[in-house]
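Shown next, in structure tokens, is the structure this report addresses.
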Amino acid sequence: MAFSDSPTPTPHSRPLGGILLLDKPGGISSNAALQRARRLFRADKAGHTGSLDPLATGLLPLCFGEATKIAGLLLGSRKAYETECLLGVTTETDDAEGAVLERRTVPAFDDATLERALATFRGRIAQVPPVYSALKRDGEPLYRRARRGERVEIAPREVEVFRFECLARDGERLRLAVECGSGTYVRSLVRDLGERLGCGAHVTALRRLWVEPFRDPRMYTFDELEAIAKDGGEAALDGLLLPLEAGLAGLPRLDLDAGEAMRLAQGQMLSGYALPGGRGLACGPDGQAVALVGMDAAGRVRSLRGFARR
Numbered sequence: 158m159a160f161s162d163s164p165t166p167t168p169h170s171r172p173l174g175g176i177l178l179l180d181k182p183g184g185i186s187s188n189a190a191l192q193r194a195r196r197l198f199r200a201d202k203a204g205h206t207g208s209l210d211p212l213a214t215g216l217l218p219l220c221f222g223e224a225t226k227i228a229g230l231l232l233g234s235r236k237a238y239e240t241e242c243l244l245g246v247t248t249e250t251d252d253a254e255g256a257v258l259e260r261r262t263v264p265a266f267d268d269a270t271l272e273r274a275l276a277t278f279r280g281r282i283a284q285v286p287p288v289y290s291a292l293k294r295d296g297e298p299l300y301r302r303a304r305r306g307e308r309v310e311i312a313p314r315e316v317e318v319f320r321f322e323c324l325a326r327d328g329e330r331l332r333l334a335v336e337c338g339s340g341t342y343v344r345s346l347v348r349d350l351g352e353r354l355g356c357g358a359h360v361t362a363l364r365r366l367w368v369e370p371f372r373d374p375r376m377y378t379f380d381e382l383e384a385i386a387k388d389g390g391e392a393a394l395d396g397l398l399l400p401l402e403a404g405l406a407g408l409p410r411l412d413l414d415a416g417e418a419m420r421l422a423q424g425q426m427l428s429g430y431a432l433p434g435g436r437g438l439a440c441g442p443d444g445q446a447v448a449l450v451g452m453d454a455a456g457r458v459r460s461l462r463g464f465a466r467r
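Using our numbering, the letters of the sequence shown map in sequence onto residues 158 to 467.
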């Protein structure tokens, strides 16, 4: 997954800042969803915080204006999904959009056997991402190489899985809950679970439920957004945006007075603050974010990324 910036703004775009919690529909790419939302809001700058597969639905935070500066932080956040999979069938993409590679008989197994298989994928594990993925090699997404028929070798990488449980079982179909860290592919989890069970599997449906810090998100579908725009215009749409501070809610916060905020914005360092974890969000007396900050070796607070006044 990667941050996707917007193309050059059109003459009809406008400055706009904030975060939209989009309920992405299935059947379109994350970038297509981003561009559709960008046109609706007429945003001059926009980006998303990591791709959802075209098959997938659910939470896709979209960042406008200054909020695009924190997209990388949201990209690295913990996420939760529900997915459905079909046992006994493997595909070239590890989901229902790919061509079938093999069909195998699903062996008989009980719930205890399934739980033991699921447990092997919890915690820190080595995972091989799907060949058809947006990961890049020499600046080119791997899926393009795969589509050309090139042999693509991918080394395993460490990811973290906090939850991997079966919610329901209906014959050869499973409904699974996943909570995971950055870089984890649900398609790979399902693929590898199928192999652990001896029959293969692929994802048939996938929905992202939340992304930290948006644990209980109010998401908006495109139908809702278009209805709101029709009834209330751009002012009503703008009212749906969360401030960029909402995307940094999990960081320690430094509340500065006006003088300190100005000095920090001008690139000066501040002393006398503790910063648990070594990184935080500095805000001015009005509550607006001044900068993402860190500590230097001498214990001084320095700006890592400044934010323009809104």
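Idealized CB from N, CA, C, for every residue including glycine.
Asked: Neighbour-count burial assignment, Met376, 16 or more Cβ in a 10 Å radius; Found: buried
Asked: Backbone secondary structure at Ala431 - three-state DSSP; Found: coil
Asked: Local Cβ density within 10 Å of Gln284, reported as buried at 16 or more and exposed below that; Found: buried
Asked: Backbone secondary structure at Asp180 - three-state DSSP; Found: strand
Asked: Inter-residue spacing [alpha-carbon to alpha-carbon] between Arg365 and Gly404; Found: 17 Å
Asked: Spatial neighbours of Ser339 in its chain, beta-carbon cut-off 6 Å, leaving aside the 5 residues before and after; Found: Gly233
Asked: Residues that Glu239 bridges to, as DSSP identifies them; Found: Ala334 and Arg364
Asked: Beta carbon of Leu275 nearer than 8 Å to that of Leu179; Found: no
Asked: Whole-angstrom distance between Glu336 and Val368, CA atom to CA atom; Found: 10 Å
Asked: 7 Å CB neighbourhood of Gly245 in its chain, flanking five on each side removed; Found: Arg260, Arg261, Thr262, Val263, Glu329, Cys356 and Gly357
Asked: Gly437 classed as buried or exposed, judged by whether at least 16 other C-beta atoms fall within 10 angstroms; Found: buried
Asked: According to DSSP, residues forming a beta bridge with Pro218; Found: Leu178
Asked: Residues bridged to Ala265 (per DSSP); Found: Answer is none; Ala265 lacks a bridge partner.
Asked: Local Cβ density within 10 Å of Thr225, reported as buried at 16 or more and exposed below that; Found: buried
Asked: Between the CA atoms of Pro409 and Leu231 - distance to the nearest angstrom; Found: 16 Å
Asked: 8 Å CB neighbourhood of Arg348 in its chain, flanking five on each side removed; Found: Thr247, Asp251, Pro287, Gly357, Ala358 and His359
Asked: Cβ-based burial, Met158 [other Cβ within 10 Å; buried from 16]; Found: Here the model assigns Met158 a pLDDT of 35, short of 50, so the residue's position is not dependable, and the following value carries that caveat. With 16 or more other Cβ atoms within 10 Å, it is buried.
Asked: Cβ-based neighbour list, Pro370, same chain, cut-off 6 Å, excluding 5 preceding and 5 following; Found: Ala406 and Gly407
Asked: Arg195 vs Ala203 beta-carbon contact at 8 Å; Found: yes
Asked: Proximity to Gly215 [Cα-Cα], best of Pro182, Ser460 and Thr206; Found: Pro182
Asked: For Phe379, three-class secondary structure by DSSP; Found: helix
Asked: Pairwise C-alpha distance: Ala213 and Ala189; Found: 13 Å
Asked: Option in Ala265, Arg420, Arg457 and Leu432 with minimal Cα separation from Gly441; Found: Arg420
Asked: Helix, strand or coil at Leu173 according to DSSP, with G and I counted as helix; Found: coil
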